[in-house]
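Numbering (our numbering), first residue to last: 2 to 313.
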Amino acid sequence: MDKTFDTIILGGGPAGMSAAIYSARGLCETAIVDTCTLGGQPSNYMEIDNYPGMMKLGGFDLAEKFEKHMDMYKVSKFLMQEIEYIDLRSEIKVVKTKEHTLSAKTLIIATGARPIHLNVEGEEKFAGRGVSYCAVCDGGFFKDKVAAVVGGGNSALEEAMYLTKFAKKIYLIHRRDEFRADKVIQERLKSNDKIEVIYNSTVEKIQGDEVVKSIILKNVKTGENSLLEVDGVFPYIGIHPNSELFSGQLEQDAKGFIMTDNTMNTSVPGVFAVGDVRNTPLRQVITAVSDGAVAAVYAGKYMEAAVVKQNV
Ligand SMILES: Cc1cc2nc3c(=O)[nH]c(=O)nc-3n(C[C@H](O)[C@H](O)[C@H](O)COP(=O)(O)OP(=O)(O)OC[C@H]3O[C@@H](n4cnc5c(N)ncnc54)[C@H](O)[C@@H]3O)c2cc1C
């Protein structure tokens, strides 16, 4: 066993880094473990303009500020780790990576979420050759080109608008006849004349040669197929929790999001879940950092209660 901590935090996005700040500041021996570098989803997008007090801040800049703040406290970092297994059921929780065996009295799961794929022919083949899940990362490659964004939520509309900085035309493909995005975002979309919305349609196939050249759309009302010439496709149809590692060890909903109570306790004592990976009504940076703070404080209370129990 490498080392035993008070708290191990799995995942170094906003939720995990907030939990680390609260935990280490509360003088708990804290470790943060990530399969990648720190930052989480905000490292990949252009701008965040709804985090109170941080007007028009780059997502990457916000992630960097979180990390700098965390570095003010003693947090052991284990980054770029390949996780082999996690044992949540014993009193001491164990995280085994290829290089380390870490254990802790409490574990906070902050592993976030990832984009859902369209699962259509050509999507995998053209990934990185026209198919992208990150407009901010790849938007620059679409200067004066034509792209399709797929989806009807906030992310789809925002990324479609972002892409118009580069692309000469964006088709926004939505399977329903109205968006579920916030009204304020829908209003902004209406004033963008580079975007053409195609309602009641799904993408059936992505095709091309070396790179994407076109997509086949299906009108879900008429059943008719049509060809649309595009240079790229950006699916923004939802997210999937990064929770496979924990399956069978704690309670999850039908989609795999981890169930918690309002102090972030999961169904396993001493294990907490925070941010996008948990069953929550709102997945935003502000809710993720709030969850992280609550979990760290209640992990502390859990350890205090365990000490009291031992002493009676
Ligand atoms: C395009 C886009 C735009 C957005 N815009 C906004 C916005 O404007 N405002 C806003 O508030 N929110 C926005 N969001 C949502 C926001 O980014 C998320 O709600 C937030 O990042 C969730 O934080 P998190 O820490 O729970 O998860 P994440 O940010 O997903 O971080 C999870 C971390 O866990 C790591 N990880 C994954 N699996 C494992 C594992 N098995 N073991 C260890 N580590 C693991 C990942 O590498 C990652 O670092 C946007 C999201 C997207 C995709």
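Heads up, the beta-carbon is just placed ideally off N, CA and C, and yes, glycines get one too.
The C-beta distance from ASP232 to PHE167 rounds to 11 Å, too long to fall under 8 Å, and the pair is not in contact. At a cut-off of 4 residues, the continuous stretches assigned as alpha helix (DSSP H) that sit fully inside the region 163 to 231 are 184 to 191. A distance below 8 Å separates the beta carbons of GLU252 and MET260. Taking C-beta separations shorter than 6 Å and ignoring five residues to either side along the sequence, the partners of ALA182 in its chain run GLY154, ASN155, LEU158, following chain order. Inter-residue distance for ARG115 and PRO236 is about 12 Å (C-alpha atoms, whole angstroms).
Non-local beta-carbon contacts of LEU63 in its own chain, meaning distances under 6 Å to residues more than five positions away in sequence, involve PRO43, ILE49 in chain order. When only Cα atoms are considered, ILE33 and VAL272 end up about 15 Å apart. Straight across, the Cα-Cα distance linking ASP254 with GLU305 is about 30 Å. Residue pairing for ARG279: DSSP places it in a beta bridge opposite ILE259.
Secondary structure of VAL121 (DSSP, three-state): coil. Here ASN51 carries a coil assignment [DSSP, helix/strand/coil]. For TYR86, the enclosing beta strand (DSSP E) has its first and last residue at 84 to 88.
Residue pairing by DSSP places GLY17 in no beta bridge whatsoever.
Boundaries for LYS78: no alpha helix (DSSP H) harbours it, while the beta strand (DSSP E) harbouring it runs 76 to 79, taken from the DSSP string. Taking the Cα of GLY59 as reference, the smallest distance to any Cα among SER227, GLY40, LEU11 is reached at GLY40. Secondary structure of PRO270 (DSSP, three-state): coil.
Checking the 7 Å criterion, the Cβ of LEU80 is out of range of every heavy atom belonging to ligand 1. Between the region 87 to 101 and the region 283 to 295 there are fewer than three C-beta pairs closer than 8 Å, too few to call the two in contact. Between THR8 and THR36, the C-beta spacing is not below 8 Å.
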